[in-house]
Amino acid sequence: MVTKTQDGAPVAEAEIERKYDLAADKPIPPLVPAGPVTNQADPRIDVLDATYFDTADFRLAQAGITLRRRLGGSDEGWHLKLPVSEDRREELRLPLSGKPDKVPGALARLVRARTLGAKLVQAAHLRTERTSYALLDAEGREVATLTDDVVTGEAGGEKAHLDRWREIEIELSPGTDPDVLDSLDRAVVNAGAKRSRWPSKLRRLTDELVPSAAGASGSVLADYFAEQLDALRRNDIGVRRDVEDSVHQMRVAARRLRSALKTFRRSLDADVANGLATELRWLGGELGPARDNEVMEERLHEEVKALPSELVLGNVGQLMTRHFSREAEEAKARAIRALDSKRYTDLLRALEKLVAKPKKIKDGKKELRKAVARSDRKLRDAVAVAAALRPGLEQDAALHEVRKKAKRARYAAETVQPVTGKKLRKWRKNVKAVQTTLGIHHDVVVTREVLRLLGLRAYAESENAFTYGLLHGRSVATAEAAHRRFAGQWQTVRKGSRPNWLR
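In short: position in the sequence shown from 1, add 686, done, that's the working numbering.
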């Protein structure tokens, strides 16, 4: 079956599956009955021929990603598999096209944050003799598929590796309750199969060739940087595919990295930390318009929906949709240009280098505590500056600075949690409340300017601008309420629980 695509983009399909090892002389485990399964369809036999692609140093395999071109079966084509959890993966498919030894650009671009521009080459070849059984419920609906695979594999390169093995797999059909997998699992294991320790056929074949995944480094900061770098890369794929919330999560990862680099700068090489922080600020700026547009569009549409119909005058929804659609298109293009740039690739390389040298990081408990205490003092100073100002644009800007300092203090507390345990939990919670409230305040301030522009545009197009003025007035009241709420929350931060070294 040839996979259809939408505008040339890969089609996504969720997979929930488990693999098992089974001796060559063992019969296929009986799964009738098991869970909701009451019948088993006649077997289907296929021969699958798959060529796997990776960089020379197996960067995709290290990340749990597989990229292949497969012939045979009902879903032949190009497949990119992304890990979600132990039993879950997302498979992106494209139909067979182009040269068999050249990965389609639509898939190659999705893994650029992993390959960093390195060439994707043929890394392995697998031939699978597959017998498939559709597992049916009492009403004849397909619940899952049981496959019995005899696999012959060859990994190329200087260290050529050949192997042959048998494995079985249970994959749930779309719409099946994920809990069904456990009931089928019990039946398979009771019949003598053993849960495979390999996440994929490719990883089983190439395990001796793939560099081992880095474990805990012994450095709190290096491990935190590694965690956020991985989040940056995972959400890179989502941003490129326009997956909901991916821009936001990628910005969060970039912000956490930048915040840690600045907060714990004294534990790092100052030039390296400052340089990376500058580049992460650039990345956040390139992603910012896309996220800001999402937030404002959702906020304003919800506010319009909440208004009595008699207060919505003119084509308000249509004008807002037109405005935000245009802004979204421009913002998305800007974000993708950034992700495709050499500057971004160089940033990822530099972050990799930082993570790879944990011994150069001076992050003992004493140094980490001092850094958190400095972030607390900077937050207090920012609050004092804002409190001394009269309401207006200048104070709005100062409150935004308080929000940024609160976020940095909260991130600092999260970073050092491996050494402080629960001691900062209450303080971090209180600081987060301040950050959240001032986030609402800032969103309202930014949205007010958008409402002013929409009102001007409506007037220029001979539309009624009343509703935009109404929303603008309400936004002023919302900002004032957020400011009052912040004042109370700040007292909670000042008087709330915290360790002695943070006083």
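Glycine included, C-beta positions come from ideal geometry on N, C-alpha and C.
Using a Cβ distance threshold of 8 Å, Leu848 and Ile856 do not count as a contacting pair. A direct Cα-Cα distance of roughly 32 Å separates Ala912 from His1127. By DSSP's assignment, Arg813 forms a beta bridge with Asp735, Thr838. Uninterrupted alpha helix (DSSP H) stretches at least 4 residues long and entirely within the segment 1084-1154 occur at 1103-1106, 1111-1146, given in chain order. Burial check for Val1179: the Cβ neighbour count within 10 Å reaches 16 or more, so the residue is buried.
Under the three-state reduction of DSSP, Trp884 is assigned to coil, being neither helix nor strand. Taking the Cα of Glu762 as reference, the smallest distance to any Cα among Ser783, Arg745, Glu980 is reached at Ser783. Excluding residues up to 5 positions away in sequence, Asp834 lie with their Cβ nearer than 6 Å to the Cβ of Ile714 in the same chain. Of all alpha-carbon atoms in Lys1064, Arg1063, Val1088, the one lying nearest the alpha-carbon of Leu1075 is that of Val1088. By the criterion of a C-beta distance shorter than 7 Å, Gly750 is surrounded in its chain by Pro769, Pro885, once the five residues flanking it on both sides are discounted.
Around the C-beta of Tyr819, 16 or more other C-beta atoms lie within 10 Å, and the residue is accordingly described as buried. Put simply, the backbone Cα of Val1117 is about 22 Å away from that of Lys1052.
The alpha carbon of Glu894 has as its nearest neighbour, out of Leu734, Trp1113, Lys1056, Gln748, the alpha carbon of Gln748. Counting along the chain, the unbroken beta strand (DSSP E) around Lys705 starts and ends at 697-707. Judged by DSSP in its simplified three-state form, Arg1189 adopts coil rather than helix or strand. Taking Ala841 as the centre and dropping the five residues before and after it, the same chain places the C-beta of Ala809, Ala810, His847, Leu891, Thr892, Leu895 closer than 7 Å to its C-beta, in chain order. A check of alpha carbon separations from Lys1181 across Pro729, Lys1112, Ala794 identifies Lys1112 as the nearest. Under DSSP, Ala720 shares a beta bridge with Val723. Minimum Cα-Cα distance from Ser869 among the listed residues Asp1026, Val958, Thr801, Glu703 corresponds to Glu703.
Short of 6 Å from the beta carbon of Ala804, and not among the five residues preceding or following it, lie these beta carbons of its own chain, in chain order: Thr741.
Nearest C-alpha to Gly759 among Val1041, Val733, Asp931: Val733. Taking all protein chains in view, the Cβ of Thr1133 is crowded by 16 or more other Cβ atoms within 10 Å, so the residue is classified as buried. Annotated three-state conformation of Ala830 is strand, per DSSP. With contacts defined by Cβ atoms closer than 8 Å, Arg754 and Phe739 form a contacting pair. Setting aside the 5 residues that flank it on each side, Ala1017 is surrounded in the same chain by Pro975, Ala976, Asn979, each with a C-beta closer than 7 Å to its C-beta; the list follows chain order. Collapsing the DSSP output to three states places Asp849 in a strand.
The three-state secondary structure of Ser995, taken from DSSP, is helix. Three or more Cβ pairs drawn from the segment 912-929 and the segment 1031-1043 lie within less than 8 Å of each other, which places the two stretches in contact.
Per DSSP, Arg779 lies in no alpha helix (DSSP H); the unbroken beta strand (DSSP E) holding it starts and ends at 774-780.
Assignment of Asp740 by DSSP, reduced to helix, strand and coil, places it in the strand class. Going by C-alpha positions, Ala1070 is about 14 Å away from Asp1082. In this structure, DSSP gives Lys1045 a helical state, which the three-state scheme calls helix. For Lys1052, the enclosing alpha helix (DSSP H) starts and ends at 1051-1073. Taking a contact to require three or more Cβ pairs closer than 8 Å, the segment 1003-1018 and the segment 1135-1147 qualify as touching. Taking 8 Å as the cut-off, the beta carbon of Leu1188 is found no closer than this to the beta carbon of Val1105.
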